[in-house]
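Participant: Residue numbers for the sequence shown follow the working numbering, so the first one is 648 and each next one is one higher.
C-beta atoms are modelled at their ideal positions from N, C-alpha and C, and glycine is treated no differently.
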Amino acid sequence: MKLLHQMPPYNLFGIEDQNYEKAEVVVLPVPYDSTTSYKSGTRDGPHAIIDASRNIELYDEEYKKEITEIGIYTTDDMQPSVGSPEETIDWLEREVSLVIESGKLPVIIGGEHSLAVGSIRAVAKHAKDFSVIHFDAHSDYRDEYMGSRYSHACIMARAREACKSCYSIGVRSIDTESASKYSEDILYMRDMQNMPAKEISDIVNKRTEKNIYITIDMDVFDTGEMPSVGTPEPNGMKFAQIDAVLKGILAEKNLLGMDFCELAPIPGLIAPNFLTAKLIFRALEHAYFQKKQ
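Put into structure tokens, the structure is as follows:
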């Protein structure tokens with residue numbers, strides 16, 4: 648039977664003939680939302696992102712290159728443990744370690760934000776000096792939340808146990824204890840409201856190591872652009888601003904890994920899914936193409 652039309656393969660960006668051995672980037676989709684505290688649904692995020700990404704044009708007019716030139720391999724959806732968040736994090740740490748040991752860049756597509764802990768721990772096993780750069784509406788510095796130290800509200804407390812250098816961007820929701828302990832390592836949304844993107848990236852670059860891991864909670868975005876999150880906070884960052892800040896950071900830094908978490912798709916509303924896919928697209932291009940121009 649001859650098909651009139653064939654959709655791109657089911658992987659990030661719909662890449663034909665993806666090859667693990669030749670890939671520089673390995674994408675791990677993890678459908679998981681066991682500790683979500685308000686609205687659930689992040690387990691549907693990876694599928695929504697991959698589905699949207701198959702409809703993105705692979706050529707970028709800024710870099711005049713195709714994203715396929717990087718070499719990207721997407722694994723099958725990974726099945727997290729249903730036993731406990733800690734078990735899932737330990738499992739993901741092992742999986743990400745295998746990717747790093749094969750000389751490739753790990754990119755996690757969540758799923759809820761607690762997944763970042765496993766990925767950060769894996770990076771910490773293989774890199775002595777690095778910083779975690781954290782884009783989020785919430786500080787996520789609670790030591791425990793709803794009876795768990797591995798809640799999505801605790802990821803930066805756990806991240807700091809693996810990496811002493813952490814810096815947060817876009818925060819506009821924080822508890823009293825975290826504000827007293829960690830505000831020096833947070834660029835609050837109120838303070839960056841009218842800052843040019845270059846000023847933001849310059850601040851981040853001065854406060855962080857040469858090697859970095861980037862973790863992005865999609866609720867860092869303004870709810871007008873990103874309503875599809877479990878704990879929406881108004882007055883957030885916009886796509887153009889985050890894109891420019893990432894470009895400024897990745898021009899100076901060596902990227903060790905990334906995660907994109909907390910998309911909770913809303914049925915019938917596809918723009919936020921597409922935005923997330925495009926954000927991953929742009930972040931990878933900034934990391935791999937701008938230094939080669």
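Beta-carbon separation of R805 and G758 under 8 Å?
Facilitator: As a working note, residue 805 is residue 158 in the sequence shown. As a working note, residue 758 is residue 111 in the sequence shown. Cβ distance not < 8 Å, so R805 and G758 don't count as in contact.
Participant: Please report the residue range of the alpha helix (DSSP H) in which P914 lies.
Facilitator: For the purposes of this step, residue 914 is identified with residue 267 of the sequence shown, where counting begins at 1. From DSSP, P914 is part of no alpha helix (DSSP H); its letter is neither H nor E.
Participant: Which partner residues of V673 appear in the DSSP bridge assignment?
Facilitator: Indexing the sequence shown from 1 puts residue 673 at position 26. Answer by DSSP bridge pairing, in chain order: Y720, P753.
Participant: From F777 to Q653, what distance separates their C-alpha atoms?
Facilitator: Here the question's residue 777 lines up with position 130 in the sequence shown. Here the question's residue 653 lines up with position 6 in the sequence shown. Computed Cα separation, rounded: 43 Å.
Participant: Is the beta carbon of G871 closer than 8 Å to that of G817?
Facilitator: Numbered from 1 along the sequence shown, position 170 holds the residue referred to as residue 817. Numbered from 1 along the sequence shown, position 224 holds the residue referred to as residue 871. No.
Participant: Using alpha carbons as the reference points, say which of I719, M803, R701 lies closest to S766.
Facilitator: Residue numbering aside, residue 766 sits at position 119 when the sequence shown is read from its first letter. Ranking the options by Cα distance to S766, first place goes to M803.
Participant: According to DSSP, is K712 helix, strand or coil?
Facilitator: Taking the first residue of the sequence shown as 1, we reach residue 712 at position 65. Strand.
Participant: So is P676 buried or exposed if we call it buried at 16+ other beta carbons inside 10 Å?
Facilitator: For the purposes of this step, residue 676 is identified with residue 29 of the sequence shown, where counting begins at 1. Counting Cβ neighbours within 10 Å, P676 comes out buried, since at least 16 surround it.
Participant: Mind checking D906: buried by the 16 CB within 10 Å criterion, or exposed?
Facilitator: As a first step, residue 906 must be located in the sequence shown, where it is residue number 259. Counting Cβ neighbours within 10 Å, D906 comes out buried, since at least 16 surround it.
Participant: Taking C-alpha atoms, which residue in W738, I736, I917 lies nearest to A695?
Facilitator: In the sequence shown, the residue the question calls residue 695 occupies position 48. The candidate whose alpha carbon is nearest that of A695 is I917.
Participant: Tell me whether M905 sits in a helix, a strand or coil according to DSSP, three-state version.
Facilitator: Indexing the sequence shown from 1 puts residue 905 at position 258. M905 falls in the strand class under three-state DSSP.
Participant: Quick check: what's the CA-CA separation for E824 versus H785?
Facilitator: To locate residue 824, count along the sequence shown from 1; it is residue 177. To locate residue 785, count along the sequence shown from 1; it is residue 138. Looking at the two C-alpha atoms, the distance is approximately 13 Å.
Participant: For A594, does the count of other Cβ atoms within 10 angstroms reach 16, so buried, or fall short, so exposed?
Facilitator: With the chain represented from 648 up to 940, any question about residue 594 goes unanswered, as that position is not in the structure.
Participant: Looking at T878 and D866, is the spacing between their C-beta atoms short of 8 Å?
Facilitator: The count along the sequence shown starts at 1 and reaches residue 866 at position 219. The count along the sequence shown starts at 1 and reaches residue 878 at position 231. In contact: D866 and T878 (Cβ atoms closer than 8 Å).
Participant: By a C-beta neighbour count over all protein chains shown, 10 Å radius and 16 as the cutoff for buried, is D890 buried or exposed?
Facilitator: Mapped onto the sequence shown, residue 890 falls at position 243. Burial call: buried.
Participant: From D864 to C908, what distance separates their C-alpha atoms?
Facilitator: Walking along the sequence shown from the start, residue 864 turns up at place 217. Walking along the sequence shown from the start, residue 908 turns up at place 261. C-alpha separation (whole angstroms): 5 Å.
Participant: Given this structure, state the Cα-to-Cα distance separating S740 from R789, to the nearest angstrom.
Facilitator: Walking along the sequence shown from the start, residue 740 turns up at place 93. Walking along the sequence shown from the start, residue 789 turns up at place 142. It should be noted that the sequence gives Glu, not Ser, for residue 740. Near 21 Å, if we compare the C-alpha coordinates of R789 and E740.
Participant: Less than 8 Å between the C-beta atoms of L902 and I847, yes or no?
Facilitator: Within the sequence shown, the letter at position 255 stands for residue 902. Within the sequence shown, the letter at position 200 stands for residue 847. Result no, Cβ atoms of L902 and I847 do not sit closer than 8 Å.
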